[in-house]
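Numbering (the numbering used here), first residue to last: -13 to 152.
Inspection log for the structure reproduced underneath, given as structure tokens.
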């Protein structure tokens, strides 16, 4: 199984959160890749980049996206065959983003901080209701750094739910 990480607007491909989750994925026997979008500010151009990478991949993939990377992962998954998507404070229903309706049928799990003042938690609540997916509202702000242990635990459970043993 290969895990593809997509970072947020103001972070990079190997920020502290992605490094921690990538290490966890490796512990579960997954190979990992984190796409660098730092040269692209447009979320839909980022989607195009991820889709072009994923179209060349054989085998099962899991997508992990944080903030704008959550939007990127979700929209890309509608065009490729991802086995599951793990979203961290995803930038959904944001003004200026091309896609505002989501039709993804892949298993989706969301983690969002109650104190997020960048992306309202209500956006994830609305999305989770619309697609009937798992939503974990936890203590923390947009970066979720203060709750990274909880995020790691949820990510480990997500990996195990996709038959990726520890």
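For glycine and all other residues, C-beta sits at the position ideal for the given N, C-alpha and C.
Item, Value
"Can you find the residues in the same chain that come closer than 7 Å, C-beta to C-beta, to residue 66, ignoring five residues on each side of it along the sequence?", "37, 40 and 41"
"Going by DSSP, what residues sit across from residue 123 in a beta bridge?", "98"
"From residue 159 to residue 125, what does the alpha carbon distance come to, in whole angstroms?", "Nothing about residue 159 can be read from this structure; the chain reaches only from -13 to 152."
"For residue 130, count neighbouring C-beta atoms within 10 Å of its own C-beta (all shown protein chains included) and say buried if the count is 16 or more, exposed if not.", "buried"
"Distance, Cα to Cα, residue 140 vs residue 11?", "12 Å"
"Any idea which residues DSSP pairs residue 144 with across the strands?", "Bridge partners of residue 144: none, in fact."
"Once you ignore the five residues that flank residue 100 on each side, which residues in its own chain have a CB closer than 8 Å to its CB?", "107, 123, 124, 125 and 126"
"Terminal residues of the continuous alpha helix (DSSP H) containing residue 36?", "29 to 40"
"Nearest to residue 18 by alpha carbon, out of 25, -12 and 97?", "-12"
"Would residue 75 and residue 128 qualify as a contact pair, given that the criterion is a beta-carbon distance under 8 Å?", "yes"
"Taking 7 Å as the cut-off, is the C-beta of residue 126 nearer than that to any heavy atom in the ligand GTP?", "No copy of the ligand GTP appears in this structure; indeed no ligand is present at all."
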